[in-house]
Amino acid sequence: MSAKLIRVSSDATGERRSVRVYVYDTVEAMRAAGTRFNGNDVSDAVGLCQCINRVVVDRDGRATSHADSVIVRLSRSHLTTQIVVHEMNHAATAIYGSSLQGHELAIDVLDHTNETLAHLQSDLTATLVGRLRALGYGDRVGVR
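Going by numbering that gives the first Met the number 0, the sequence shown runs without a break in its numbering and finishes at 143.
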């Protein structure tokens with residue numbers, strides 16, 4: 000099993016955060032790696048975003064899960080624009096969510112005017128697409 004590691008990052012949240020993206024030769028290899036990561040059945044996945052989380056308890060005793068490490072898994076056989084953008088959206092929201100304080104409600108931050116989340120998503124996705132293109136995968140993700 001071989002996988003190409005690509006690291007992408009953004010400082011849109013005010014803190015430099017990165018995502019490790021693995022591109023596997025086959026979807027079976029990607030699924031096997033995903034299952035090894037946490038034991039979950041990912042037998043129908045065509046892309047994965049997985050996180051190593053830590054629990055943070057705020058001063059009011061509310062516990063929230065924060066993504067410390069974000070991993071995206073893709074396969075060469077399913078390397079399409081839709082799947083790349085989909086998985087990078089998961090990565091961006093994991094990072095963005097972990098940048099919020101426990102008392103911040105989603106209704107206060109998740110709307111169409113959220114520039115931080117939009118920049119985070121576009122930073123990560125554009126960097127990944129550029130790197131995929133440099134590796135010769137450009138035609139698969141709609142980049143020339």
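Note that CB positions come from ideal geometry on N, CA and C, so glycine has one too.
query                                                                                                      : result
What is the rounded straight-line gap between the Cα of residue 114 and the Cα of residue 15?              : 16 Å
Quick one: what does DSSP say residue 79 is sitting in, helix, strand or coil?                             : coil
Need the endpoints of the beta strand (DSSP E) that residue 58 sits in, please.                            : Element bounds for residue 58: n/a, residue is neither H nor E.
Residue 126 to residue 8, Cα distance in whole Å?                                                          : 8 Å
Is the segment 24-33 close to the segment 79-98, with three or more CB pairs under 8 Å?                    : no
So for residue 43, helix, strand or coil by DSSP?                                                          : coil
Determine, using beta carbons only, whether residue 28 and residue 118 come nearer to each other than 8 Å. : no
Below 8 Å between beta carbons: does that hold for residue 72 and residue 23?                              : yes
Do the CB positions of residue 69 and residue 93 come within less than 8 Å of each other?                  : yes
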